[in-house]
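Line order of the protein sequences matches chains Y and C. Going by our numbering, the letters in the first sequence line up with residues 102 to 343, in that order. Going by our numbering, the letters in the second sequence line up with residues 102 to 343, in that order. What follows is one structure encoded as structure tokens, with my remarks underneath.
Number of protein chains: 2
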Amino acid sequence: MQSLEPCVNPVSVKTLAVISQPIYKPDLVRRLLLALFSGEWQAGDRLPEVELAERFGVSRTPVREALQEIAAIGLIELRPNCGAVARACGSEEVREIYEVREILESEATRRACGRIAPRKLAALAADFLELQSAHRRDAAWSQREWAADHQLHELVAHACGNQRLAGEIRRYDQLIQVIRETVGNLREAQVAAIGEHLEIVKALRAGKPEQAAEAMRRHIRSAADHAIAALDSGHARTHAPA
Amino acid sequence: MQSLEPCVNPVSVKTLAVISQPIYKPDLVRRLLLALFSGEWQAGDRLPEVELAERFGVSRTPVREALQEIAAIGLIELRPNCGAVARACGSEEVREIYEVREILESEATRRACGRIAPRKLAALAADFLELQSAHRRDAAWSQREWAADHQLHELVAHACGNQRLAGEIRRYDQLIQVIRETVGNLREAQVAAIGEHLEIVKALRAGKPEQAAEAMRRHIRSAADHAIAALDSGHARTHAPA
DNA sequence: AAAAGTGGACGTGTATGCAATTCTTGACTT
DNA sequence: AAGTCAAGAATTGCATACACGTCCACTTTT
Numbered sequence: 102m103q104s105l106e107p108c109v110n111p112v113s114v115k116t117l118a119v120i121s122q123p124i125y126k127p128d129l130v131r132r133l134l135l136a137l138f139s140g141e142w143q144a145g146d147r148l149p150e151v152e153l154a155e156r157f158g159v160s161r162t163p164v165r166e167a168l169q170e171i172a173a174i175g176l177i178e179l180r181p182n183c184g185a186v187a188r189a190c191g192s193e194e195v196r197e198i199y200e201v202r203e204i205l206e207s208e209a210t211r212r213a214c215g216r217i218a219p220r221k222l223a224a225l226a227a228d229f230l231e232l233q234s235a236h237r238r239d240a241a242w243s244q245r246e247w248a249a250d251h252q253l254h255e256l257v258a259h260a261c262g263n264q265r266l267a268g269e270i271r272r273y274d275q276l277i278q279v280i281r282e283t284v285g286n287l288r289e290a291q292v293a294a295i296g297e298h299l300e301i302v303k304a305l306r307a308g309k310p311e312q313a314a315e316a317m318r319r320h321i322r323s324a325a326d327h328a329i330a331a332l333d334s335g336h337a338r339t340h341a342p343a
Numbered sequence: 102m103q104s105l106e107p108c109v110n111p112v113s114v115k116t117l118a119v120i121s122q123p124i125y126k127p128d129l130v131r132r133l134l135l136a137l138f139s140g141e142w143q144a145g146d147r148l149p150e151v152e153l154a155e156r157f158g159v160s161r162t163p164v165r166e167a168l169q170e171i172a173a174i175g176l177i178e179l180r181p182n183c184g185a186v187a188r189a190c191g192s193e194e195v196r197e198i199y200e201v202r203e204i205l206e207s208e209a210t211r212r213a214c215g216r217i218a219p220r221k222l223a224a225l226a227a228d229f230l231e232l233q234s235a236h237r238r239d240a241a242w243s244q245r246e247w248a249a250d251h252q253l254h255e256l257v258a259h260a261c262g263n264q265r266l267a268g269e270i271r272r273y274d275q276l277i278q279v280i281r282e283t284v285g286n287l288r289e290a291q292v293a294a295i296g297e298h299l300e301i302v303k304a305l306r307a308g309k310p311e312q313a314a315e316a317m318r319r320h321i322r323s324a325a326d327h328a329i330a331a332l333d334s335g336h337a338r339t340h341a342p343a
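Structure follows, in structure tokens:
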């Protein structure tokens, strides 16, 4: 096996103008996740590959790969010689997802305490304070708030001292991003999040790992409550139960 | 989508005698994991699909699927249009794996406390006591010890009240099983594990969640120490570094 | 008539072929 | 001589083809 630096170029220069070959699988995963959380399939429903392939206009190959990825996430079951079976993706499962995230990320916060550059924490605190004072609610504000949110969680994951733990946290962040996309933008959750983020940053800057971990726990529980409330009250509407 | 009960028969009766079609992927995943932990590839090595396909005597399709599963585990990186790149799988990464397992399983133990049938705990305690008193070291003993080990961890996962958390724990158990297979049977670790298991069961039976969680932490740290010691001292021999 | 056996439709697992992209080696320009 | 560009080789992503397994309805047997 050659040990070369792979993928040195993000994208080759000469092919920039050409319409690059679309890589279907990532988008398939996203669309399948959205469909799952929208309640399109009940737990136990079979998901035949040909049906999904026709629906998304691709062949079975990328569908298979997408299904395997979703099975790795744990939202469908993949039985040998038998195909994919949907698992429940309701509020109970969302609660469980947030709980695991809480376990992972609170521990990461505890470990990251004292290992993040004070300058970065100060900059983040300033960002959150500014967002808090000028609490607008337009899309630009929302996007900026989300960026700061992501920055904090990424900072914690990166500094926790365990790259595998960081990877698991990023996996759950992606999953929760899909859930948020399913239930729509929750302004209230974002407003609440700013204060919770500030508490986390405050504890991190003070070098108090237990308080920081506890603040992260509260933050994730709050986010879970908002998401589940939105999911329960009228967001299973797209495929209502009879 | 039809909502039928799929795969009712574990295996159809009339095809029992027939040599069933081998499903290559699961075995491929196992062999690739063993190769990774054996240090066959350095971090950064590219793993071309055709090379692996020829080596294992299958086509690219099952190799691709196996690589995707390993990428989901996080032991290789899969860059779009660029293929698989090996990540480091040394003692540091094994340490990280055990740390995440510790985080997940100690929390699961805390939650499972008081939710496991006392009869099952009593039976497990009796098993461990018998194994401890008659500390033989043959293969049958080892296998029985491993069965009791697995039973305890499975009991905790099942009773923790969060099926997703249980799923993550099972994923890590499988991964660690591969690591154990790589470094060989560690008799000392198994002997030590019995006492640690007994402490866990004791705390669970006493209904003391914090003590149970702490006992699980100690147990997993001990297992990590044994595995890493074995990995460092002479188990990277199969592909020694120059 | 009930249980067991059988055939075919449906679906998955794998192999192979093709298009697009990336990597590499060589020639060319400054 | 060093850097730049380009063409060919190598490799990935997807589509298609085929073999096998599963499941259901029907036939056969007792």
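Glycine is no exception: its CB is placed at the ideal position from the N, C-alpha and C atoms.
- Going by DSSP, A185 of chain C is part of the beta strand (DSSP E) stretching over 184-187.
- Annotated as proximal: A209 of chain C and L266 of chain C, with beta-carbon spacing under 8 Å.
- In this structure, I321 of chain Y places its C-beta atom within 8 Å of the C-beta atom of R202 of chain Y.
- Residues of the region 257-281 of chain Y with a Cβ closer than 7 Å to any Cβ of chain C, in chain order: N263, Q264, R265, L266, G268, E269.
- Counting along the chain, the unbroken beta strand (DSSP E) around L179 of chain Y starts and ends at 177-180.
- Looking at the DSSP output, L148 of chain C shares a beta bridge with C:A185.
- If you look at V302 of chain C, you'll find it in the alpha helix (DSSP H) that goes 288-307.
- For the region 199-214 of chain C, the set of positions with a beta-carbon nearer than 8 Å to some beta-carbon of chain Y reads E200, V201, I204, L205, E208 in chain order.
- Assigned with DSSP and collapsed to three states, G268 of chain Y falls in helix.
- For the C-beta of G175 of chain C, the chain Y residues within less than 7 Å are, from N- to C-terminus, R265, G268.
- Counting along the chain, the unbroken alpha helix (DSSP H) around R132 of chain C starts and ends at 125-138.
- Here the C-alpha atom of H259 of chain C lies approximately 11 Å from the C-alpha atom of E269 of chain C.
- In the DSSP assignment, W242 of chain Y falls within the alpha helix (DSSP H) that extends over 240-260.
- A293 of chain Y has its alpha-carbon roughly 12 Å from the corresponding atom of A328 of chain Y.
- Excluding its 5 nearest sequence neighbours in each direction, I171 of chain C has C-beta neighbours in its own chain below 7 Å: V130, L133, L134, I177, listed in chain order.
- For I321 of chain C, not one C-beta of chain Y is nearer than 8 Å to its own C-beta.
- Straight-line spacing of the CA atoms in L168 of chain C and E246 of chain C works out to 32 Å.
- Boundaries for Q143 of chain Y: no alpha helix (DSSP H) harbours it, and the DSSP string shows neither H nor E there.
- Within 9 Å of the CB of E166 of chain C, the CB atoms of chain Y belong to R165, E166, Q169, in sequence order along the chain.
- Among the CB atoms of chain Y, one or more fall inside 8 Å of the CB of P181 of chain C.
- The beta carbon of E197 of chain Y falls within 8 Å of a beta carbon belonging to chain C, placing the residue at that interface.
- For C190 of chain C against L148 of chain C, the beta-carbon gap comes to about 12 Å, at or over 8 Å, which does not count as contact.
- Under a criterion of Cβ atoms nearer than 8 Å, the residues of chain C adjacent to I124 of chain Y are, in order, P181, N182.
- Per the C-alpha coordinates, the member of C:E152, C:Y125, C:A331 positioned closest to R288 of chain C is C:A331.
- In this structure, DSSP gives V159 of chain Y a state outside helix and strand, which the three-state scheme calls coil.
- Under the DSSP assignment, I329 of chain C falls in the alpha helix (DSSP H) whose first and last residues are 310-333.
- When the five nearest sequence neighbours on each side are left out, the beta carbons in the same chain lying within less than 6 Å of the beta carbon of Q312 of chain Y are those of A304, in order along the chain.
- Beta-carbon to beta-carbon, E297 of chain Y and R281 of chain Y are separated by about 16 Å, too far to satisfy the 8 Å threshold.
- Rounded to whole angstroms, the gap between the alpha carbons of R272 of chain C and S234 of chain Y is 44 Å.
- Within the same chain, E300, I301, A304 come within 6 Å of A316 of chain Y by CB-CB distance, once the 5 residues on both sides are set aside.
- Taking C-beta atoms as the reference points, R161 of chain Y and P219 of chain Y fail to come closer than 8 Å.
- Just measuring C-alpha positions, the residue of Y:V257, Y:I204, Y:I174 sitting nearest V279 of chain Y is Y:I174.
- Spatial neighbours of L222 of chain Y in its own chain (CB-CB distance under 7 Å, excluding positions within 5 residues in sequence) are listed in chain order as V302, L305, R306.
- Q275 of chain Y counts as exposed, since fewer than 16 other beta carbons sit within 10 angstroms of its beta carbon.
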